[in-house]
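*Asks:* This structure is in structure tokens; I'll ask about it shortly.
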Amino acid sequence: MFDRADALAGWVNHFLLGLGVTQPKLDKVKDETGEAIDDLRNIAQLGYDEDEDQEELEMSLEEIIEYVRVAALLCHDTFSLQKPTAPEVQKADATLIIH
């Protein structure tokens, strides 16, 4: 269970890193998506106490995993309709279109 929690925190960290590369103004995002990004930042720092009830931790982890799924889909819906704002990504997109 602890390995799953660590893996989830790692995945969320990398998701936010990738999102930040293509959308460098994440701190300016508002509404539900902004709240979801803030929540993901907290989940990326996920901590646990090994002395806590394992069954309760397992249930909490399942809820967090489901929330991460929904938050990732929300980010996809929000940002897939927008062009990336990072200059490096815009340049790469232009290069792909030309060739």
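Straight run, no breaks: the sequence shown in UniProt numbering ends on number 99.
Using N, Cα and C, we set each Cβ at its ideal position, and we do this for glycine too.
Keep in mind it's a predicted model, so treat the numbers as computed, not measured.
For Lys-28, which of helix, strand or coil comes out of DSSP?
*Replies:* If DSSP states are grouped into helix, strand and coil, Lys-28 belongs with the helices.
*Asks:* Excluding the 5 residues flanking Glu-56 on each side, which residues of the same chain have their C-beta closer than 6 Å to its C-beta?
*Replies:* Closer than 6 Å at Cβ, skipping near neighbours: no residue.
*Asks:* Hey, how far is the Cα of Asp-49 from the Cα of Ala-5?
*Replies:* C-alpha separation (whole angstroms): 11 Å.
*Asks:* My guess is that Leu-61 and Ala-44 are in contact by the Cβ rule of under 8 Å, so how many angstroms apart are they, rounded?
*Replies:* Not quite, the Cβ-Cβ distance comes to about 14 Å (not below 8 Å), so this is no contact.
*Asks:* Please state if the CB of Leu-46 and the CB of Leu-8 are separated by a distance shorter than 8 Å.
*Replies:* Cβ atoms of Leu-8 and Leu-46: closer than 8 Å.
*Asks:* Going by C-alpha to C-alpha distance, which of Asp-27, Gly-10 and Asp-53 sits closest to Val-68?
*Replies:* It is Gly-10.
*Asks:* Counting only C-beta atoms, is Gln-23 closer than 8 Å to chain B at any point?
*Replies:* The question asks about chain B, but that chain is absent: this structure has only one protein chain.
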